[in-house]
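The structure appears right after this line, and notes come after that.
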Amino acid sequence: MNAEIQDNLQAPIFRHLSETADELGVECYVIGGWVRDLFLHRPSNDIDVVVVGSGIVLAQALKDKLGKKAHLSVFKNFGTAQIKSGDMEIEMVGARKESYDRNSRKPIVEDGTLEDDQNRRDFTINAMAIRLNKAHFGELVDPFQGMQDLKYRIIRTPLDPSITFSDDPLRILRCIRFATQLQFNIEERTYNALSKNKERLSIVSPERIVEELNKIMMAKKPSIGLSLLEKTGLLEIILPELSRLKGVEVRNGKGHKDIFLHTLQVVDNIAAKTDNLWLRWAALFHDIGKFPTKRFDEKLGWTFHNHNFIGEKMIPGIFKRMRFPMNEKMRYVQKIVTLHMRPIALVEEEITDSAIRRLLFEAGDDIEDLMLLCEADITSRNEEKVKRYTQNLIEVRAKLKDIEQKDHVRNFQPPVSGNEIMETFGLAPCHEVGAIKMTIKEAILDGIIPNEYEAARKLMFETAAKLGITPKK
Ligand code: ATP
Ligand code: MG
Numbered sequence: 209m210n211a212e213i214q215d216n217l218q219a220p221i222f223r224h225l226s227e228t229a230d231e232l233g234v235e236c237y238v239i240g241g242w243v244r245d246l247f248l249h250r251p252s253n254d255i256d257v258v259v260v261g262s263g264i265v266l267a268q269a270l271k272d273k274l275g276k277k278a279h280l281s282v283f284k285n286f287g288t289a290q291i292k293s294g295d296m297e298i299e300m301v302g303a304r305k306e307s308y309d310r311n312s313r314k315p316i317v318e319d320g321t322l323e324d325d326q327n328r329r330d331f332t333i334n335a336m337a338i339r340l341n342k343a344h345f346g347e348l349v350d351p352f353q354g355m356q357d358l359k360y361r362i363i364r365t366p367l368d369p370s371i372t373f374s375d376d377p378l379r380i381l382r383c384i385r386f387a388t389q390l391q392f393n394i395e396e397r398t399y400n401a402l403s404k405n406k407e408r409l410s411i412v413s414p415e416r417i418v419e420e421l422n423k424i425m426m427a428k429k430p431s432i433g434l435s436l437l438e439k440t441g442l443l444e445i446i447l448p449e450l451s452r453l454k455g456v457e458v459r460n461g462k463g464h465k466d467i468f469l470h471t472l473q474v475v476d477n478i479a480a481k482t483d484n485l486w487l488r489w490a491a492l493f494h495d496i497g498k499f500p501t502k503r504f505d506e507k508l509g510w511t512f513h514n515h516n517f518i519g520e521k522m523i524p525g526i527f528k529r530m531r532f533p534m535n536e537k538m539r540y541v542q543k544i545v546t547l548h549m550r551p552i553a554l555v556e557e558e559i560t561d562s563a564i565r566r567l568l569f570e571a572g573d574d575i576e577d578l579m580l581l582c583e584a585d586i587t588s589r590n591e592e593k594v595k596r597y598t599q600n601l602i603e604v605r606a607k608l609k610d611i612e613q614k615d616h617v618r619n620f621q622p623p624v625s626g627n628e629i630m631e632t633f634g635l636a637p638c639h640e641v642g643a644i645k646m647t648i649k650e651a652i653l654d655g656i657i658p659n660e661y662e663a664a665r666k667l668m669f670e671t672a673a674k675l676g677i678t679p680k681k
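Using the numbering used here, you'd call the opening residue of the sequence shown number 209 and step up by one each time.
Now the structure itself:
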């Protein structure tokens with residue numbers, strides 16, 4: 209037996225599975241992702257088991273053997289069962305043969321042999337099985353040379369790729385996702401079948417699409433997947449707002465940079481700094497407003513006025529279509545997108561205390577994430593420029609720290625509340641209350657008064673007097 213297989217089958221669960229299958233007299237294999245990851249040295253606790261017979265019967269017998277420490281769930285409709293034991297999750301299913309209908313990803317399923325079951329798998333590296341029955345314990349069944357593909361780092365479908373992708377188009381995205389996560393190449397015929405079947409994506413639910421996109425975004429270099437999505441024409445279907453950023457236009461000898469390529473670089477940069485999925489999405493969307501705002505000006509050349517605000521406005525539509533959560537996650541992405549130019553813009557004028565206070569006030573606790581994006585946003589090839597921008601951001605960071613310690617405006621609430629204003633002057637909610645409150649807030653952010661109660665209360669009286677409002681007797 210291969211030494212790696214032997215090592216990985218040491219866990220007692222495999223001995224129990226082996227005995228149970230032999231007692232029932234059924235062929236039993238561990239298959240799919242767990243086997244692939246074993247050879248890639250990515251140990252996993254998700255174990256898929258195929259039995260030539262009933263997965264549910266095997267699971268019930270295994271549960272009897274393991275006793276109380278195992279937890280069994282049966283999914284009768286799917287003919288599958290799951291056992292949780294310690295930190296392991298074992299999914300058991302009978303070997304099956306599948307045939308597809310054109311209008312659905314859901315196949316018609318019948319009982320089959322191991323070979324049938326391997327034929328229905330998406331990629332050669334995902335189709336390998338290791339036998340668990342005692343007489344053949346640890347034998348690898350690899351009908352499609354998955355081991356060789358692992359060695360040469362290739363993603364390939366076991367059967368005709370076009371049929372495989374057309375049958376279940378989710379596999380198109382899985383293909384690109386694995387290429388991104390594993391940094392493997394996609395074999396040529398498999399690659400060509402990706403774009404050939406791109407229209408089939410219409411039968412995949414947005415939730416499934418997003419699940420794969422999130423995995424691509426969480427990979428070490430998301431740009432691999434994003435660029436594959438673009439090249440195969442899938443991005444145009446899934447996220448047209450992004451694919452439109454591709455390309456360079458030249459007018460009067462003036463070009464602009466390829467915003468799509470720049471964006472990919474920014475996403476890779478941020479991925480090196482954070483595992484925050486939403487910050488990674490914010491990086492992907494940060495320049496999304498550049499397509500609708502692009503203009504050519506005879507004097508200025510290419511401009512993208514207000515692209516950050518337009519980007520912010522585009523996000524709810526994208527989130528809705530993609531079935532992303534339309535909650536504080538979305539507002540966070542919007543905030544980062546809308547503020548993404550502020551720290552850099554600060555430097556171009558002069559870094560005043562007041563500008564820093566305003567930035568801190570608007571970014572709140574997301575200021576660190578915003579700074580990470582700004583740093584990731586520096587992708588110029590001009591070393592001089594990179595140095596200068598980097599240095600500028602270091603200065604902004606220092607200033608932020610300074611002001612934060614001094615003024616505490618990060619999650620700032622004006623020290624005099626609307627209620628207090630209404631109370632003091634005997635007012636109902638009205639325009640004047642808002643105006644007084646706003647004056648106090650602005651004065652604090654501009655550093656005219658300190659962020660303190662006494663000073664704010666004094667200004668409240670002064671402002672009210674100017675408006676001709678007198679305190680309640
Ligand atoms: P990961 O768990 O990292 O997402 P995985 O390969 O384990 O990767 P799962 O979704 O857990 O993916 O699926 C387990 C196995 O089931 C795969 O390795 C593959 O053999 C098979 N499989 C999953 N989805 C499909 C599909 N859409 N078409 C064909 N086979 C699939
Ligand atoms: Mg898995």
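C-beta: ideal position from N, C-alpha, C; glycine also.
query, result
"Is it buried or exposed for ARG539, if we count other Cβ within 10 angstroms and need 16 for buried?", "exposed"
"Run through the DSSP bridge pairs and tell me what LYS292 is partnered with.", "HIS279, GLU297"
"Are the CB atoms of ASP585 and HIS494 nearer to each other than 8 Å?", "yes"
"Work out the CA separation of ASP483 and GLY658 for me, nearest whole Å.", "The question names Gly, yet the displayed sequence has Pro at residue 658. PRO658 and ASP483: Cα-Cα distance of roughly 37 Å."
"Can you give me the Cβ contacts of ARG339 inside the same chain, cut-off strictly under 6 Å, excluding the 5 residues immediately before and after it?", "TYR237, GLU347"
"Counting pairs of beta carbons, one from the segment 413–430 and one from the segment 453–468, are three or more of them closer than 8 Å?", "no"
"Tell me, please, which residues DSSP counts as bridged to ALA337.", "ILE239, VAL349"
"Looking at C-alpha atoms only, which residue of VAL301, SER252, MET209 is the closest neighbour of LEU266?", "VAL301"
"Leaving out the 5 sequence neighbours to the left and right, which residues in its chain are closer than 6 Å to ARG566 when beta-carbon positions are compared?", "LEU653"
"Curious, which full-length beta strand (DSSP E) runs of at least 3 residues does the segment 579–625 contain?", "none"
"So, helix, strand or coil for ARG539, using DSSP?", "helix"
"Can you tell me the Cα-Cα spacing of LEU280 and VAL258, whole angstroms?", "16 Å"
"How would you label ILE424, buried or exposed, when you count the other beta carbons within 10 angstroms and need 16 or more for buried?", "buried"
"Buried or exposed for ARG488, please, with buried defined as at least 16 other CB atoms from any protein chain shown within 10 angstroms of its CB.", "buried"
"Under 7 Å: does the beta carbon of GLY294 sit that close to some heavy atom of the ligand ADP?", "Inclusion of the ligand ADP in the displayed structure is not the case, the ligand content consisting of the ligand ATP and the ligand MG alone."
"Counting Cβ pairs closer than 8 Å, one from the segment 577–591 and one from the segment 527–537, do we hit at least three?", "no"
"Indicate the three-state DSSP secondary structure (helix, strand or coil) for ASP561 in the structure shown.", "helix"
"Give a single yes or no on whether GLY241 has its beta carbon closer than 7 Å to a heavy atom of the ligand ATP.", "yes"
"Determine the burial state of HIS249: buried for a count of at least 16 other Cβ atoms within 10 Å of its Cβ, exposed for fewer.", "exposed"
"For ALA672, which residues from the same chain have a beta carbon less than 7 Å from its beta carbon, with the 5 sequence-adjacent residues on both sides left out?", "PHE633, ILE644"
"Run the CB neighbour count on LEU246, radius 10 Å, all protein chains shown included, and call it buried at 16 or more, exposed below.", "buried"
"What are the start and end residues of the alpha helix (DSSP H) that includes GLY509?", "It is not in any alpha helix (DSSP H) - GLY509 instead sits in the beta strand (DSSP E) that spans 509–511."
"Nearer than 7 Å: is that true of the beta carbon of ASP254 relative to any heavy atom of the ligand MG?", "yes"
"On a CA-only basis, which of ILE544, GLY642, ILE564 is nearest ARG618? Give me that one, please.", "ILE564"
"Taking Cβ positions, are ILE656 and VAL624 nearer each other than 8 Å?", "no"
"Which of the three DSSP states, helix, strand or coil, is assigned to SER262?", "coil"
"Is the segment 209–225 touching the segment 322–336 in the sense that three or more CB pairs, one from each, lie closer than 8 Å?", "no"
"Pick helix, strand or coil for ILE496, following the three-state DSSP scheme.", "coil"
"Might you give, ordered along the chain, the residues of its own chain that have their beta carbon closer than 7 Å to the beta carbon of GLY572, omitting 5 neighbours on each side?", "ARG618, ASN619"
"Please list the terminal residues of the continuous beta strand (DSSP E) segment that includes LYS454.", "LYS454 -> no beta strand (DSSP E), and no H or E assigned at all."
"Alpha carbon to alpha carbon, how far is LYS359 from ALA490?", "35 Å"
"From what residue to what residue does the alpha helix (DSSP H) around SER413 run?", "From DSSP, SER413 is part of no alpha helix (DSSP H); its letter is neither H nor E."
"Closest by CA to MET426, which one among SER410, ARG385, ARG452, ILE445?", "ARG385"
"Pick out whichever of LEU421, GLN599, ILE371 has its Cα sitting closest to the Cα of LEU554.", "GLN599"
"Regarding LEU485 and the ligand ATP, is the C-beta to nearest heavy atom distance less than 7 Å?", "no"
"Leaving aside the five residues before and after ASP476 along the sequence, list all residues of the same chain whose C-beta is less than 7 Å from its C-beta, in chain order.", "LYS429, PRO430, SER431"
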